[in-house]
Each structure stands twice: as C-alpha cells, then as structure tokens.
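K.L.:
My questions all concern the structure below.
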C-alpha cells in the first residue's frame, strides 16, 4: 500500500511539513555551527539531535494515519516544474534509523571531539560534517525528484570525504582522495542517466516518471548508467577499491557514520530507481547480475576479512560483505518477467540495511574504545581485553551476533523474509547464499571473540579509564540491532503478520547454533592466523586431522586475497565499472 | 550546408581535438592548458545552443576559475614524482579504450533515439512566470520552482569550504589561507589589480542585476567578483582573511541562511516552504540573490585560496 | 546535420574520453581534469536536450539550463576539494600516487597452527 502510490499526490498532505523539517533542522544546524564555531559547535549538534529524533518519531507516528505517503510540494509548485518531497514507509524507517544512529554517534563522539575554548580543527569539522550527513541522508530518503537526489548525494559525499582524513596522515589523505574521485565518477554516471531520462520524459519527478516510463532503449541505458554510478558509491564488489582504507583509516566515530550510514544513501537511491521509478523494467537477468555481485561481495569481503591483521580493517571488509548481502533482495523481489512480485523481499532488504546500520556503527565504536585501551587493534594480540574493557567487547559481540542473523535480531527477520521469498519464487540458489552469508559473518565474529576471550585471566596494561558514554552508546546501538525483529514493522514495511521471530524454542536455537558452528568451522579453515587455543592438546589432535582441509582453505584464502588486491587497483576497478554498466545495459535490453 | 552549420562542425571538431589533447598529452601542464582552452570553447557551444546563462557560468566558473585552480595545482605539482611506472600496461589501456568507446556509442544511440517532438517544460515555466515577476526563466527555475536544489547546492559549497579547511595542519587552524603574496607594488600585476577591480565589480554587479530579466545572475556575477578579489590578493594589495574571522563566516552562510529564513517564513506565514508571497516575490528573490552573490564570491575565492597555512599573527 | 546532432556527438565523445582518462591516467591531477571533461560532456548532453525542447519563445528549455548551472557549481567545488586534498597529500607524503602503500592483509606463515 505504501510502496505503490496510485493516486496522483498533487497536493501537500497533512503532516507533510515534517518532511521539510527533517531537512531544514540539520541544515540550519550546519549553518549555525559553522558561524558560531568555537565551543558552540558541539552545543548546536546537541540541540539538533533531540529535535531530529522528535521529527523522526513524529513522522513514524503520523504516517500510519495517512492513507498514502506524506507529500510536500516545495514552494507549493506541483511537479514536473516544482519539486515534491515524499515520505513513504521506507523513508520513515530510514529517517528513524538515521536519527538513532546519529544520536548514538554524537554521544560517542562527545569526548573524542571535545571542542576547546579556542577553536580547534578536528572538532569543528566533525560536528559540522555530522549534521551535514544527517541533512543529506534525510534529503535522500524523502527527495521526490532525481536531480534533488543528485544534489543530496553530492552533499553526502562532500560531508563524508573530509571525515576520512580528519587526522591528516598521508595514508588517510590518500584514502580520502581515492574515495572522492571514485565517488565523483559514480555521481557523474548517475547525472548522465538523469539527463537522458529528462530528455525522454520531460520530468525528473519519481512518481511522474513511473507513469511515463516504458521499455525504451534509451531509458534502459539511463537506468544502467545510474545504477552503476550508485553501485560505485555504495562500494558493491568489484567497485569497492575505496572502501577498506577509507572506513578503516577514519577516526572511530567517523568510521561508524561512514560504514553504518553513508553507504546506505546511494543504496536507497538504487531502491528508488528499481522499485519506484521503473518497477517493471530492469528484468530478471539484471537482478540476477546484481545478486551475483552481492554473492561475490560476501565471499570476498568475508574471506579477506579473515585475513586481516587489524580489527578495523576486518570490520571494513565485513561492511563490504554486508553490502553484498543487501543486493540479494533484487532477484527475490521481481518475478521472471521482471514485475515486482514480492514486497516481502524488499522489506527484508531494507531491514537488513537497518540492522547493518545499527550493528556496524556499534561495532566500529566498540573497536574505537578497544583501540584506545590497547594502543593498537591487532587481532592476534587482543587477549586480556575481555577483562580490561568488558563493556566494549560486549558491544562488539552483540553487534556481531545481531549481524549473524540470530533471533530476534533485525537481520534474522530480514533473512526469514528473504528465504520465504526465495522459496516462493523457486530460486533456491539464493537461499543457499543467504544461509552461507550468515555463516561467513559468524566466522569473523567468532574469530575475533576467540582471540579476545582466550586467556582472559591475563591482565594487560591499558591506557586510561573506559569512557562510560562511549560504551553505553555502542551497547545501546548493538542491543537495538539485536531486538529489531521484535518491532511491529507492518505499518511501514510489508512484513506479514506472524513473522516476528520466536525468541525461545528449538527453531531459534538452531538458528543460533547453525551459523555459529558453521562460522567456527569456516574461521578455523580459512583464517591464516595462529589460533588462540593452539597450545591445547585436544586442539592439536583436531588440527592434525583437519590439516589437508585447512591447507586447501588457506590456499583458497590466499587466492581470494590476491585477486582482491588486483581488483582494487585503480585501472581494474575502472574497467570493472564500465563492464558492469555495459552488462547491465545489455541484460536490460535483452529482457525487453 | 549553411555557414552556421559549417561553423558548428568546425567548433565541435576543435573542441573534440582539445579534449583528445587534454587526455593524451604526456605532460600534465600542457593537459591543463588544453583543458582551459577546451572550457572556453565549450562556452561558445553553449551560446550556439541558445543557453547564454549556462555559457556565462561555464566561461566564468568552468573555464575561468576552474582553469586558475587547475593551473595553480599543476604549477605546484611540477616537482611531483614521475608516475610513468604506474601507467597501466597496453592491454589494460586497450580494454579501457574499447569499453569507454562502447559507452560513448551507447550514449550516441540513446541521443539519436530521443523522442520527437521533445518533451519540454519551457511553456510551463513561462506560464508560471507571473508568480515571481522576473522575466529570466532560468532565474525563475533556480530561485522559485527548484529553489530547494539551489539552497542545498549552497550548502554543498559551504561543505567544500569546510572540507578544504579541514585539511589545514592543527597549528595553522584559524589562520589565513594560501601563501602571502608579495608582488612588486609598481609591477604590472599591482597595476592591473588597481585598475581592473573597479571595472570588474561594475561588470559583476551588472551581470547579477540583469539576471532578473536577461541572461546572468548571482553565480556568474559572483564568479567575476571572486576573480577580482583574487587578483587583488595575488598582487599583494590585500591578504586573505583568517578563517576564524566571524565576519567571514557570516558572509559564507549569508546566502543559504537567508534562503532558509525566507523559506521558513513561507512555511509559517505563507502557503509553503520556499513559497514567495505574490507581492513580495521579486524583492525577496533579489534580496536572497544579493546575499548569495556575496556568499558565492567569498566561497569561490576561498576555495581557490586553499587550506589555512599561516597562523593569524604573521 | 543539425546542431543537436553535431554537439551530441561531441558530448558523447567527451564522456568517452573522460572515462578513458579517469581510468588509465595514474596521476591524480589528470584524473581530476578527466573528471571535469566527463562532467562537461554530461552538461552538454543536458544542453542538447534543452535545445531539443526549445519552445514558448525560448531557444533552450530553462529547466535543464538551471540543472546545468547547479551542476557546474557542484563540479567546481568538487574539483576544489579534490585539489586541496591532492596538494595536502603531496605536502605530507612527498608523492601523489594513489596506490595503497602497505598491503592490507599481510598473511603470516599459515603453518603456525
């Protein structure tokens, strides 16, 4: 009901002003913080956070009472000449998620980016950019016009890139520049498609376009170019060259924003394009291509994550894998003739995005605290951290468990919905990938926990006391992700009644044990690092039995890691980008 | 074939040649010069396409200020390490060339397949021009029909400033951007810097003012003002302001700030966010544009000046 | 040939050349220039589309024109940010290469289990 507006919403609806506020409030915060500077930057941010939360909550409250999406005509000009803001169920869910994650990050960053009386560089930039990212994301979630979405996308990039290089080291400057140039390439491709669509239909309004669009060759070329550009900004494998160094090099709070929220912006525009602008057009084959890239992302991201020496890079590669997971919904949502068939699959994909946003932000924050405590984040030297920073490790563990798809997490509900769609549409191969994805996630979480929990009797020297604010912020987000499956989603997303996961019982126990056991096996077979229990005798017996398997696993891992190195070279990534664009275009043309 | 067509084909060929030169020439500085020439000629194409507003923008911002930016960077990077070793192998370049040509070919096909008669919003924009009292339809689109985009784009400019400033070293924070220019007070540059700005400011303001009814507007005018200011700075007649200056920061947010205030006024008192009351539409839009031209001039100038490098005292 | 066709070919060629330069040239400054070339091709495409939509006494549809003006300003600020990053990188690292330095996952001796 909320996804397929049928009537022409040519007028502002009641409550539409909330959409305006969700853009105006953070943007005003940016301007105010910029002018006031000094110690006021954080103050402005803390004034905007509760306001933003209230606006998101009000939107959630008012949407079910409206019989369609919330609409606001800016300047009272109706499209196609004017620009409309539209808030449907998807927008409301994403607005609320963003408000939640930003608030937690603001609490987390209070101490790290504490402004002094005399203005200092990093806090000034951080708080201004945090608010800017909020405003940009909100605009993306409710923008009703493809060009407004382009401006918002650029706003997001301009706010995200300086966050990467806040510490000014050469390595992070390089990561930021790579990110910026590749992201710009992505947005130009998006703009190219936008130009073609305007030339074809004389409007960029999403609802008007969805009525006028037809399977013309030029429209399909436009869709392929726009999708590819957005994939580059979302860092879907093999277009991920910029993501690992950027997400791993930034300060913890910034990494949480980048990994949790920023990549969801371009992902959301892909949803708009495929589900709202041209729902019948992309075709079965193109959706299979997207999900295939997603599968490759899961395998590459997870295996390379297991090969990382540093915890932050491991989580960055985990983001790569989770982004892949988000694209599994595309083939499940459309039937073989390309028509939108299953709203559940779309709901599942969006829920996955929401649970990843919360869990991954929590994990990056927790790792930030661990890094501060140890002065490093080498995975093999984590022992003793369980005693020194129990809260941080707990937040990390809960975030990881939520990501694995253990009930009642959001990821578990998402997985159920997607599995159901896979069964209904007879695409059993994606069900296999969905199950394997959970195990791969479990593999790197188990690996880190095994190292952190091994020898917890050892006491280690840590620097400084734990920050309670930071631990609480991370823990709250992780818990949130873990409990998302219990939220009543049906006013906003087409989640059928009765899919809410049972927390107890045999079924949920198997859902817990299956990924964990599978993950442990994968971790043992694929991780090249000496195991924390390597000295125990039972382990040695086991290890000698599994030696040939493990050798094969290591060889496989090495192969994957090497290919990842090659694919992250700039020319290779560029060529992959063009190949993806041409393949998408060819598949779409063939389908129509 | 008419003379106009011949001219267009020659223009397109020259532009294409410059584009190839820009990509293919080994030396970076030559490539930059090629691109600046390309940008100026593209402005001519825009005139031929009957889009004088865009031609002015392209010449002032794309060709002019963008050219200064790229040339300055090329000069500062002259001693950068030769990266010839990193040049990808022939096979990779061949693949990239083949794939890029395929994309270009797909684009040509898409352009040729565009519908006839083409869809257009020109009649709609004309029909609703009464609401603003301005005769330049491009200004109407920018300031009224799609005011949200314009406002957000001002925030993009502001974020670019924050991004550039965030690259300062910590001790230089709050200081002045760019190196201090010491030019010969009796030299050519100083002479030009005394002579040109008075003319430039008049031209800039004229272009801005005429933008209400004729081609021109805040962007184009702001770019001219910015280049005049830069000339004065480069001649050493004045210095860039410290980034901690409250007045400077106020100017940098004046454009989007006033836009927001007027917008919120429309939300609270009028029919909608960013709606102008009929009687006040023209003065309000012109007021926002005055704030915007200041903001644009300051922003463009500071983006060219770069990150703060010198602490305030020196 | 109409001016739309002539300049349409020109726009498509600029896009193709920009993509090629962005992918193959290792120097960041050249990538930035290529990005600008690519962008200008896209803007020209908007201009052609506007030209085809000439009506109501205007030789070019004002809506695409306004979009291009916004786009040009965004592209300029992107260029400025990229160049500031590049200059800072050169200042800090003494080189402008974009190649990631240390390998990310230095795999240890796998036999140590």
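Residue numbers (full-length UniProt numbering), protein chains in the order written: chain V, 1 to 592; chain X, 1 to 314; chain P, 1 to 113.
Don't be surprised by glycine CBs; every beta carbon is placed ideally from N, CA and C.
(1) Out of P:6, P:85, P:62, point me to the one whose CA is closest to residue 41 of chain P's CA.
(2) Short of 7 Å in beta carbon distance, which residues of its chain neighbour residue 5 of chain V, apart from the five on each side in sequence? Order them along the chain.
(3) Got a sec, what are the start and stop residues for the beta strand (DSSP E) residue 85 of chain V sits in?
(4) Would you mind sorting residue 105 of chain P into buried or exposed? The rule is 16 or more other CB atoms within 10 Å of its CB.
(5) Using a cut-off of 7 Å between C-beta atoms, extract the partners of residue 93 of chain P located in chain X.
(6) Among V:471, V:551, V:149, which one has its Cα closest to the Cα of residue 108 of chain V?
(7) List, in chain order, every chain V residue whose beta-carbon is nearer than 9 Å to that of residue 56 of chain P.
(8) Return the first residue and the last residue of the alpha helix (DSSP H) that residue 308 of chain X is part of.
(9) Specify whether the stretch 353-364 of chain V and the stretch 474-487 of chain V touch according to this definition: at least 3 beta carbon pairs, one from each stretch, less than 8 Å apart.
(10) Who are the neighbours of residue 154 of chain V on chain P, taking C-beta pairs under 7 Å?
(11) Can you tell me whether DSSP reads residue 71 of chain V as helix, strand or coil?
(12) Under 8 Å, do residue 154 of chain X and residue 259 of chain X count as touching if we go by C-beta distance?
(13) Below 8 Å between beta carbons is the criterion; list the residues of the stretch 173-195 of chain X that meet it against any residue of chain V, in chain order.
(14) Does any C-beta atom of chain A lie closer than 8 Å to the C-beta of residue 7 of chain P?
(15) Report the residues of the stretch 30-49 of chain P with a CB closer than 8 Å to any CB of chain X, ordered along the chain.
(16) Drop a sphere of 10 angstroms on the beta-carbon of residue 88 of chain P, count the other beta-carbons inside from all chains shown, and report buried for 16 or more, exposed for fewer.
(17) Looking only at DSSP bridge pairs, what is residue 245 of chain V linked to?
(18) Rounded to whole angstroms, what's the CA-CA distance from residue 168 of chain V to residue 21 of chain X? Just pull it up for me.
(19) Using a Cβ cut-off of 9 Å, pull out every chain V residue sitting near residue 153 of chain X, in sequence order please.
(20) I want to verify the contact list: residues of chain V whose CB lies under 8 Å from the CB of residue 101 of chain X, in sequence order.
(21) At a Cβ threshold of 8 Å, is residue 239 of chain X touching chain P?
(22) Does the Cβ of residue 58 of chain X have 16 or more other Cβ atoms within 10 Å, making it buried, or fewer, making it exposed?
(23) Between V:584, V:400, V:404, which has its C-alpha nearest residue 515 of chain V's C-alpha?
(24) Starting from residue 12 of chain V, find everything on chain X with Cβ-Cβ shorter than 8 Å and list it in chain order.
(25) Using a beta-carbon distance below 8 Å, is residue 562 of chain V in contact with chain X?
(26) Check residue 545 of chain V in the structure and name its three-state DSSP category.
(27) Identify whether residue 259 of chain X lies in helix, strand or coil by the three-state DSSP scheme.
(28) So residue 26 of chain V and residue 166 of chain X are in contact, right, with Cβ under 8 Å, and what is the actual spacing, rounded?
(29) Beta-carbon within less than 7 Å of residue 522 of chain V's beta-carbon, same chain only, minus the 5 sequence neighbours each way: which residues are those?
(30) Residue 76 of chain X versus chain P: which residues are under 7 Å apart at the beta carbon?
(31) Starting from residue 278 of chain X, trace the alpha helix (DSSP H) both ways and give me its first and last residue.
(32) Going by C-alpha to C-alpha distance, which of X:272, X:267, X:221 sits closest to residue 69 of chain P?
(33) Give me the subset of the stretch 228-254 of chain X whose CB atoms are less than 8 Å from a CB atom of chain V, sorted by chain position.
(34) Is there at least one Cβ from chain P nearer than 8 Å to residue 444 of chain V's Cβ?
(35) Residues of chain X with CB closer than 8 Å to the CB of residue 266 of chain V, please, in chain order.
P.N.:
Checking against the coordinates, here is how it stands:
(1) Closest in C-alpha terms to residue 41 of chain P, from the list P:6, P:85, P:62, comes P:6.
(2) Here residue 5 of chain V scores only 43 on pLDDT, less than 50, and its place in the model is too uncertain to base an answer on.
(3) It spans 84-87 - the beta strand (DSSP E) in which residue 85 of chain V sits, taken as one unbroken run.
(4) Residue confidence for residue 105 of chain P is low, a pLDDT of 37 falling below 50, so the modelled location carries little weight; the figure read from the coordinates is stated next. Residue 105 of chain P should be labelled buried.
(5) Under the 7 Å cutoff, chain X gives no residues; its nearest Cβ is about 10 Å from residue 93 of chain P.
(6) Relative to the Cα of residue 108 of chain V, the nearest Cα in the group V:471, V:551, V:149 belongs to V:471.
(7) By Cβ distance, chain V contributes nothing, its closest Cβ being about 13 Å from residue 56 of chain P, past 9 Å.
(8) Going by DSSP, residue 308 of chain X is part of no alpha helix (DSSP H) but of the beta strand (DSSP E) stretching over 308-310.
(9) Contact holds: three or more Cβ-Cβ distances are below 8 Å.
(10) What residue 154 of chain V touches in chain P: 74.
(11) DSSP places residue 71 of chain V within a strand segment (E or B) once states are collapsed to three.
(12) For residue 154 of chain X and residue 259 of chain X, yes; Cβs fall inside 8 Å.
(13) Result list: 173, 174.
(14) Protein chains in the displayed structure are V, X and P, and chain A is not among them.
(15) Of all residues in the stretch 30-49 of chain P, those with a C-beta nearer than 8 Å to a C-beta of chain X are 30, 32, 33, 34, 36, 37, 40, 43, 44, 45, 47, 48, 49, reading in chain order.
(16) The residue is buried, with at least 16 neighbouring Cβ atoms inside 10 Å.
(17) None, per the DSSP bridge assignment.
(18) Using only the alpha carbons, I get a separation of about 35 Å.
(19) Under a criterion of Cβ atoms nearer than 9 Å, the residues of chain V adjacent to residue 153 of chain X are, in order, 151, 154, 155.
(20) Per Cβ cutoff of 8 Å: no residues; residue 101 of chain X is ~10 Å from chain V at best.
(21) Not closer than 8 Å to any Cβ of chain P, the Cβ of residue 239 of chain X fails to qualify, so no.
(22) Label assigned to residue 58 of chain X: buried.
(23) Ranking the options by Cα distance to residue 515 of chain V, first place goes to V:404.
(24) Those are 272, listed as they occur along chain X.
(25) Proximity of residue 562 of chain V to chain X, defined by a Cβ-Cβ separation below 8 Å, is not satisfied.
(26) Residue 545 of chain V falls in the helix class under three-state DSSP.
(27) Helix.
(28) With a Cβ gap of about 19 Å, residue 26 of chain V and residue 166 of chain X do not count as contacting.
(29) So the list reads 439, 440, 443, once near-sequence residues are dropped.
(30) Chain P residues near residue 76 of chain X: 87.
(31) Run containing residue 278 of chain X: none; DSSP gives neither H nor E here.
(32) When each option's Cα is compared against that of residue 69 of chain P, the closest is X:221.
(33) Within the stretch 228-254 of chain X, the residues whose Cβ lies closer than 8 Å to some Cβ of chain V are 244, 246, 249, 250, 252, 253, listed in chain order.
(34) It does not: the Cβ of residue 444 of chain V has no partner Cβ on chain P nearer than 8 Å.
(35) Residues of chain X whose Cβ lies closer than 8 Å to the Cβ of residue 266 of chain V do not exist; the shortest such Cβ separation is about 16 Å.
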